[in-house]
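In this text, residue positions in the sequence shown follow our numbering: the first is 166, and each later residue adds one.
Note that the Cβ used here is the ideal one computed from N, Cα and C, for glycine as well.
Only a predicted model underlies this, so the values are computations on that prediction, with no experimental measurement involved.
Have a look at the structure below, then the notes.
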Amino acid sequence: MKNFNQKVAAITGAGSGIGQQLAILLAQQGAHLALSDVNEQGLAETLELVKSYPVKVTLSTLNVVDRTAVEEWAANTAQEHGKINLIFNNAGVALASTVEGMSYEEMEWVFDINFWGVVHGTKAFLPYLKQSGEGHIINISSLFGLTAQPTQSAYNATKFAVRGFTESLRQELDLQANGVSATCVHPGGIRTNIANSARMSDSIRALGLNPAKASKAFNKVLKTPPEEAAKVILNAVKKDQRRVLIGNDAKILDLIQRVTPSHYAQALNLFTKKKK
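Structure below.
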């Protein structure tokens, strides 16, 4: 897919952050948009930012946890736009907790959105992408899908799962040669609302961390602007890249993990201790 002009792109989590910036850049390049988010106000804000471009935009207030709702959104998008070329499975949440202190309900919340939301979006849209003859699935994993971090066991598990799911999917699509491809994206610290909306468990006090201070520390490492992340992602789609790293933090930690996969965790623990 060398350009996005007259393509139809569906985006989850389009009400803020990377999803919102993807919508803006795609509209600038002539793509029609099917935008979804659980936050209706955020969707309205994104619409204001793209409505000046000569493209068709449809909005859906959507919880990606609801498989039936995602399937209906895909079907409605195909009907309203006539085709679908791209699905960006971008919606996600964060939780800071120890394994011991984390409830099953908290873990299920993270898995339902971060992993099952990606699965729902992928499976619901894939048949329509095949019908278009030129399609691409973009699944957002994380730097935390490459390296593990203390307090992030549930988030790590979902992002590692997204990585494995997407890489396997890409292999299948390559073998089928059906005009559809897939890219797994691993952003580092992107300057979005994820830190402010993350759930912070008191259980991390067992590691010597203060939940309030941990949230502020999390915000400080979010260096890359979301608009820059969106540009990298769209360039990766045009180049049909399998894996994309965004930000120097992602590139550096990925390199360290490759060089010393058994010891990188010690360096991360030292970093965590400095945040106490």
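Please state if the CB of residue j and the CB of residue i are separated by a distance shorter than 8 Å.
i, j, result
"GLY257", "GLY178", "yes"
"ILE176", "PHE253", "yes"
"HIS285", "ASN250", "no"
"LEU399", "GLY353", "no"
"TYR320", "LEU418", "no"
"PHE280", "ALA326", "yes"
"ALA289", "ALA239", "yes"
"SER181", "THR357", "yes"
From the DSSP secondary-structure annotation, give me the bridge partner or partners of residue i.
i, result
"LEU251", "ALA174, HIS301"
"GLU246", "Looking at the sequence itself, residue 246 is His, so the reference to Glu does not match. In DSSP, HIS246 forms no bridge with anything."
"LEU410", "HIS351"
"MET365", "ALA261"
"SER346", "HIS301"
"THR226", "ASP202"
"HIS197", "VAL173"
"THR389", "ILE355"
"GLN336", "Answer is none; GLN336 lacks a bridge partner."
"GLN317", "SER262"
Give the straight-line distance between the Cα atoms of residue i and residue j, rounded to the nearest whole angstrom.
i, j, result
"ALA110", "ASN228", "The structure shown does not extend to residue 110, since the chain spans only 166 to 441, so no value can be given for it."
"MET267", "SER366", "8 Å"
"ARG370", "PRO390", "30 Å"
"LYS324", "THR223", "28 Å"
"ASP202", "SER225", "7 Å"
"HIS351", "GLN206", "27 Å"
"LEU338", "HIS428", "35 Å"
"VAL235", "ILE303", "16 Å"
"ASN375", "VAL397", "34 Å"
"GLN336", "PRO292", "17 Å"
"LEU334", "LYS172", "22 Å"
Would you mind giving the Cβ-Cβ distance between residue i and residue j, rounded to the nearest angstrom? I have them listed as a contact below 8 Å.
i, j, result
"HIS197", "VAL220", "5 Å"
"ALA192", "VAL215", "4 Å"
"VAL283", "THR348", "13 Å between Cβ atoms; not a contact."
Quick one: using the 10 Å Cβ neighbour count with 16 as the cut-off for buried, is residue i buried or exposed?
i, result
"VAL264", "exposed"
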